[in-house]
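Participant: Position 99, counted from 1, in the sequence shown is what our numbering calls 405; the numbers after and before it change by one each time, with no gaps.
A virtual CB, placed ideally from N, CA and C, is assigned to each residue, including glycine.
Let me begin by handing over the structure; questions about it come next.
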Amino acid sequence: MKEVGVDDSFEQQDIKFHPVTEEQVEAFYKHTGSYEELINKRARKLKDVLAENPVSEDVDYKKLLLMDYTFLKRPVFEIGGKLFVGNAKKTVEAIKAALLFAK
307 MKEVGVDDSF EQQDIKFHPV TEEQVEAFYK HTGSYEELIN KRARKLKDVL
357 AENPVSEDVD YKKLLLMDYT FLKRPVFEIG GKLFVGNAKK TVEAIKAALL
407 FAK
């Protein structure tokens with residue numbers, strides 16, 4: 307978040323204390339076309355959940371996203387009608403470019 311220069315003009319949501327809603331998850335899905343793309347596959351809790359319920363084609367990623375805040379890949383930025391999810395170098399560069407274009 308520091309790298310892209312988040313300031314007071316951004317609406318921020320601390321998902322630990324204010325979890326994402328089903329409506330937000332649905333909106334994210336409309337942008338990405340995939341619940342799985344929104345999943346933080348490095349989350350420790352996710353590994354525990356998947357160990358109890360082995361991965362199959364019908365894993366309910368939406369349910370996981372609503373279950374625990376750590377399952378959502380972060381940060382999530384919506385800029386100019388586009389959604390950016392995660393902190394991969396490519397994503398961060400795309401966020402910076404979108405912010406320059408939005409100004």
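Report yes if the CB atom of Tyr341 is closer than 7 Å to the CB atom of Tyr367, and no otherwise.
Facilitator: Their beta carbons are under 7 Å apart, which means Tyr341 touches Tyr367 by this criterion.
Participant: Taking Cβ positions, are Val398 and Glu309 nearer each other than 7 Å?
Facilitator: Against a cut-off of 7 Å, the Cβ pair of Glu309 and Val398 comes out as a contact.
Participant: Spatial neighbours of Glu328 within its chain, please: C-beta separation below 7 Å, excluding the five flanking residues on both sides.
Facilitator: Excluding residues within five positions, the ones whose Cβ falls inside 7 Å are Leu372.
Participant: Check for me: the beta strand (DSSP E) holding Lys423 runs from which residue to which?
Facilitator: The chain is shown from 307 up to 409; residue 423 falls before or after that span and cannot be answered.
Participant: For Phe323, does the count of other Cβ atoms within 10 angstroms reach 16, so buried, or fall short, so exposed?
Facilitator: By the neighbour-count rule (16 or more Cβ atoms within 10 Å), Phe323 is not buried but exposed.
Participant: Quick one: Cα of His337 to Cα of Arg350, how far?
Facilitator: Each residue's Cα considered, the two are about 26 Å apart.
Participant: Near Gln318, which residues of its chain fall below 8 Å by C-beta distance, leaving aside the five closest residues on each side in sequence?
Facilitator: Excluding residues within five positions, the ones whose Cβ falls inside 8 Å are Val312.
Participant: Looking at the secondary structure, which residues open and close the beta strand (DSSP E) in which Leu378 lies?
Facilitator: No beta strand (DSSP E) contains Leu378, which DSSP labels as neither H nor E.
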